[in-house]
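Presented below is the structure to which this report refers.
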Amino acid sequence: MSGTTGDHQLPPVLDEACERAEPLARRFADAGHTFYLVGGIVRDALVGRGGHEHDLDATTDARPDEIRRIVADRADAVWDQGARFGTVAARFGDDVYEITTHRADAYVPESRKPEVVFGDDVVADLARRDFTVNAMAVEVLGRRLIDPFGGRDDLARRRLRTPSGPDISFSEDPLRMLRAARFLAAYELEPTPELVAAVETMGDRLAIVSAERVRDELEKLILLEQPRRGLDFLADTGLLARVAPELVDVDRTRWRDPVARADQTRAVRWAALLRPLGTAGARRRLGALRASNRLLGEVTTLIGAAEAPPPDLDPASLRRFVHALRGRVPADVAARFCETVGAGPEGLADAVAELAAVENLDDLAPPLDGSAVMAELGLEPGPEVGEALDHLLELRLAEGPMGPDEARRRLGAWWAGRRRRDPA
Ligand code: ATP
Ligand code: MG
Numbered sequence: 017m018s019g020t021t022g023d024h025q026l027p028p029v030l031d032e033a034c035e036r037a038e039p040l041a042r043r044f045a046d047a048g049h050t051f052y053l054v055g056g057i058v059r060d061a062l063v064g065r066g067g068h069e070h071d072l073d074a075t076t077d078a079r080p081d082e083i084r085r086i087v088a089d090r091a092d093a094v095w096d097q098g099a100r101f102g103t104v105a106a107r108f109g110d111d112v113y114e115i116t117t118h119r120a121d122a123y124v125p126e127s128r129k130p131e132v133v134f135g136d137d138v139v140a141d142l143a144r145r146d147f148t149v150n151a152m153a154v155e156v157l158g159r160r161l162i163d164p165f166g167g168r169d170d171l172a173r174r175r176l177r178t179p180s181g182p183d184i185s186f187s188e189d190p191l192r193m194l195r196a197a198r199f200l201a202a203y204e205l206e207p208t209p210e211l212v213a214a215v216e217t218m219g220d221r222l223a224i225v226s227a228e229r230v231r232d233e234l235e236k237l238i239l240l241e242q243p244r245r246g247l248d249f250l251a252d253t254g255l256l257a258r259v260a261p262e263l264v265d266v267d268r269t270r271w272r273d274p275v276a277r278a279d280q281t282r283a284v285r286w287a288a289l290l291r292p293l294g295t296a297g298a299r300r301r302l303g304a305l306r307a308s309n310r311l312l313g314e315v316t317t318l319i320g321a322a323e324a325p326p327p328d329l330d331p332a333s334l335r336r337f338v339h340a341l342r343g344r345v346p347a348d349v350a351a352r353f354c355e356t357v358g359a360g361p362e363g364l365a366d367a368v369a370e371l372a373a374v375e376n377l378d379d380l381a382p383p384l385d386g387s388a389v390m391a392e393l394g395l396e397p398g399p400e401v402g403e404a405l406d407h408l409l410e411l412r413l414a415e416g417p418m419g420p421d422e423a424r425r426r427l428g429a430w431w432a433g434r435r436r437r438d439p440a
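The numbering of the sequence shown is this note's numbering, which starts it at 17 and goes up by one.
Right, here's the structure in full:
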């Protein structure tokens, strides 16, 4: 296999990355070690994208202890990233490098935790990476692209394939099948027939991957600007049954298209994906994927908002809609989500924005608090205080903001009426 390309100029993004990494690479060289940039920075630079300037993956023949020693006195911070793989992360100013010792070719079938075997050869390391488009490295000091598996050509021809046989690669780490969906979508690639066939027959192996890894990878896919192609891949190959089985029998236009249209933020994209399952179904799926309580709360609030959108655009309906969000999700985000999934009246997001411009929707609380209510009515703590607060909240939602004098007056009138109806 042909390896290096000295004849090609590196793209400017890569050239600059090498320049910035040069002092670090020199320290590795002085200690007798190699230093290569790999991963996203190389791939993205070759398709003319930036975005990885400060988040850099590197690989070296130095072992983790040596890496730590080499970076120790110059880095602003050093920490172990993914202790089990022995990756060392080091921050220099704005740049964070994740430096990983070369891996040697070690095929451990069906193992839950791939055994880590360190190696000395960059080409063997690249051979163990997931896809050819990710199996390229740049030798920093020599400004040399190392591309033994034709990743650059695959990017140009828009082809996704594994450096070696896909079934071996996916046995080694089944998560790669899910990563395929992400890279297909992000770079508009076409998977090779062998890759598709391997995913179709090996999808169930994803069961050995931890829920957290699956969740993080699925999240990266749905957060892409254009996730469609990857979501289609999940549905077409049957992989969907491994990551969100409840969606298998749901027409894909009900989750794929909303995801692609929705705001490109975490909770909103998850809500768009899981909305066909309802709040209870979304809660179960996110629980199975070990999502945080916070994400769970945001997603179910969004789905709940789309299940009970305001019937109309009048201020009272809008305030009730916003109040039901309980501060878990900003009003404008929830309103846009409803529009994205076609719930509620047309113009909802604009109407919420207009109302927010004239009154504070972040503070939809009763205009008096409990102690003010007790002082005003001469009450001890008890159920009447709660009733009074409910009434005040109802007034706030129905009529809008209200000063304390007006609130006391309305409270007094309510209390007098209540005592007439229900004399104690
Ligand atoms: P991005 O940072 O944009 O998500 P990336 O390609 O840099 O994309 P990382 O997860 O940072 O992805 O991984 C860096 C590199 O490590 C990848 O490009 C790939 O070469 C390799 N890699 C990551 N995960 C795997 C995996 N599960 N199996 C094989 N190689 C992997
Ligand atoms: Mg990366």
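Using N, Cα and C, we set each Cβ at its ideal position, and we do this for glycine too.
{"Query": "Closer than 5 Å: residues whose CB approaches a heavy atom of ligand 2", "Result": "G55, G56 and D73"}
{"Query": "Cβ-heavy atom distance, N150 to ligand 1, below 7 Å", "Result": "yes"}
{"Query": "Whole-angstrom distance between A322 and R291, CA atom to CA atom", "Result": "8 Å"}
{"Query": "A369 to G313 span [Cα, whole Å]", "Result": "23 Å"}
{"Query": "Alpha-carbon spacing of D31 relative to A45, whole angstroms", "Result": "19 Å"}
{"Query": "For D31, three-class secondary structure by DSSP", "Result": "helix"}
{"Query": "Whole-Å CB distance - A151 paired with F134, under 8 Å assumed", "Result": "No, A151 and F134 are not in contact; Cβ-Cβ is about 18 Å, not under 8 Å."}
{"Query": "Range covered by the alpha helix (DSSP H) that runs through L312", "Result": "N309 to E323"}
{"Query": "Residue nearest to R119 in terms of C-alpha spacing, selected from V132, T281 and V94", "Result": "V132"}
{"Query": "Where P383 falls: helix, strand or coil (DSSP)", "Result": "coil"}
{"Query": "Heavy atom of ligand 1 within 7 Å of L176 beta-carbon", "Result": "no"}
{"Query": "Same chain, Cβ closer than 6 Å to A202, five either side skipped, listed in chain order", "Result": "L240"}
{"Query": "Backbone CA spacing between R85 and R43 [nearest angstrom]", "Result": "10 Å"}
{"Query": "Coil, strand or helix - P207 by DSSP", "Result": "strand"}
{"Query": "With 16 other Cβ atoms within 10 Å as the buried cut-off, status of R231", "Result": "buried"}
{"Query": "Member of A414, L427 and A298 whose CA lies at the smallest distance from the CA of E403", "Result": "L427"}
{"Query": "Contacts around L53, its chain only, beta-carbon distance under 8 Å, and the 5 residues preceding and following it disregarded", "Result": "L30, A33, C34, A37, L72, D73, A74, A153, V154 and V156"}
{"Query": "Bridge partners - V104, DSSP secondary structure assignment", "Result": "D96 and I115"}
{"Query": "Heavy atom of ligand 1 within 7 Å of L191 beta-carbon", "Result": "yes"}
{"Query": "Classification of E233 by the beta-carbon crowding that lies within 10 angstroms, buried from 16 upward", "Result": "buried"}
{"Query": "Check whether G416 and P346 have beta carbons under 8 Å apart", "Result": "no"}
{"Query": "Bounding residues of the beta strand (DSSP E) (the contiguous stretch that carries R160)", "Result": "R160 to I162"}
{"Query": "Spatial distance of D60 from Q242 (CA atoms)", "Result": "16 Å"}
{"Query": "Residue range of the alpha helix (DSSP H) that includes A429", "Result": "P420 to R437"}
{"Query": "Beta-carbon spacing of A105, W95 below 8 Å", "Result": "yes"}
{"Query": "Minimum C-alpha distance to L377 - residue among G363, A350 and V357", "Result": "A350"}
{"Query": "From S333, V284 and L211, residue whose alpha carbon lies closest to that of L176", "Result": "L211"}
{"Query": "Three-state secondary structure (DSSP) of S18", "Result": "Note that S18 scores a pLDDT of 44, beneath 50, so its modelled location is shaky; the value from the coordinates is reported in the next line. It is coil, neither helix nor strand."}
{"Query": "Residue burial classification, I224 (beta-carbon count within 10 angstroms, cutoff 16)", "Result": "exposed"}
{"Query": "CB contact flag (V315, A287, <8 Å)", "Result": "yes"}
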